Each structure stands twice: as C-alpha cells, then as structure tokens.
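Residue numbers (our numbering): 1121 to 1276.
Ideal Cβ placement from N, Cα and C applies to all residues, glycine included.
All values reported here derive from a predicted model rather than from experimental measurement.
Have a look at the structure below, then the notes.
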C-alpha cells in the first residue's frame, strides 16, 4: 500500500459515501445528511490546500482510502472502502497523517470526532477520550492524540 498526497475530491467523496453507507449504526437519512458536510470539508481543503493535509492510500493502482486533516490538527475525514477494512489502509493513512501533523500541528495535538465503530481503532493508535460540554451528533466520540517528545505513534 502506498500513501500519497491527493487532489481528487470526487474519488474521496465516492469512498466516503461507500464507507458511510456500510455503517450499520447510521440510517440512510443520516448518511444523506453527512455527505454535504463531508463535501464542505473537501471544499475547505480545496480553497487553501497548504493549510490542510489530504492523503490517499493506493493498493494495486486503486485508491482505497483517504484522510483529510484540517489545519493539521482536526482529523475531519478518514474513510476506507468497505472491502478493504481490516487490511491496514486506515492504519497506514493515520500513521502518515500523525507523522506529518506532529511537525505541522499548531496545537500540539490531533483531534477527531470518531464514529462509535471506530473508537477502538483510534484508541489503539494512542488517542484518548475527553469530554465536551455538548454531546456530538450520530453518537460520535471526541478523541485526542497529544504530540510530545515522550509520546510516539502507537501504530506499527
């Protein structure tokens, strides 16, 4: 698997749509609500590409996953095609993003509002839960990964 930068928003939206559609925890109406929000995040990246991180995972010349980190601290989107779940694409995307954001993040951390089914993935990578004053929609869980000289990426 190869991790590279990307500019292909259409491909990223296609992957996101397929990944979200495969989630049992979301209704079709919720999936339909999320797509415009995801598209807006990609548009934000497009308006100022240097301020954000947008990577893709390629396997046998096919894009199978993407990650978007806004402002190098807000992990907004991470999706892998359902048929490639559990094969390391998400792990490789996250590892690459953590390495870049550790250098670029103005906040010294990376945050994500994780879907309930991805919490284990993120906590295994070293993210910690934290409380917000207002609950997140769709059952999302706020997680944070702190960068520090003593903390290294937990992803091998």
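Alpha helix (DSSP H) segment containing residue i, residue limits
{"i": "residue 1221", "result": "1209 to 1224"}
{"i": "residue 1124", "result": "Per DSSP, residue 1124 belongs to no alpha helix (DSSP H); it is in the beta strand (DSSP E), 1122 to 1125."}
{"i": "residue 1134", "result": "1129 to 1141"}
Which of helix, strand or coil DSSP assigns to residue i
{"i": "residue 1167", "result": "helix"}
{"i": "residue 1177", "result": "strand"}
{"i": "residue 1205", "result": "coil"}
{"i": "residue 1196", "result": "strand"}
{"i": "residue 1243", "result": "helix"}
{"i": "residue 1191", "result": "coil"}
{"i": "residue 1254", "result": "coil"}
Opposing strand residues paired with residue i [DSSP bridges]
{"i": "residue 1262", "result": "1233"}
{"i": "residue 1248", "result": "1264"}
{"i": "residue 1182", "result": "1179"}
{"i": "residue 1157", "result": "For residue 1157, which the question treats as bridged, DSSP gives no partner whatsoever."}
Option nearest residue i by Cα separation, candidates the options
{"i": "residue 1221", "options": "1206, 1194 and 1242", "result": "1194"}
{"i": "residue 1185", "options": "1157, 1140 and 1229", "result": "1140"}
{"i": "residue 1210", "options": "1128, 1130 and 1135", "result": "1135"}
{"i": "residue 1173", "options": "1233, 1223, 1257 and 1137", "result": "1223"}
{"i": "residue 1180", "options": "1191, 1171 and 1204", "result": "1204"}
{"i": "residue 1234", "options": "1197, 1219 and 1254", "result": "1197"}
With 16 other Cβ atoms within 10 Å as the buried cut-off, status of residue i
{"i": "residue 1250", "result": "exposed"}
{"i": "residue 1130", "result": "exposed"}
{"i": "residue 1276", "result": "Legend: pLDDT at residue 1276 = 41, less than 50; position of this residue unreliable, value from coordinates given subsequently. Exposed, because fewer than 16 other Cβ atoms sit within 10 Å of the Cβ of residue 1276."}
{"i": "residue 1168", "result": "exposed"}
{"i": "residue 1176", "result": "buried"}
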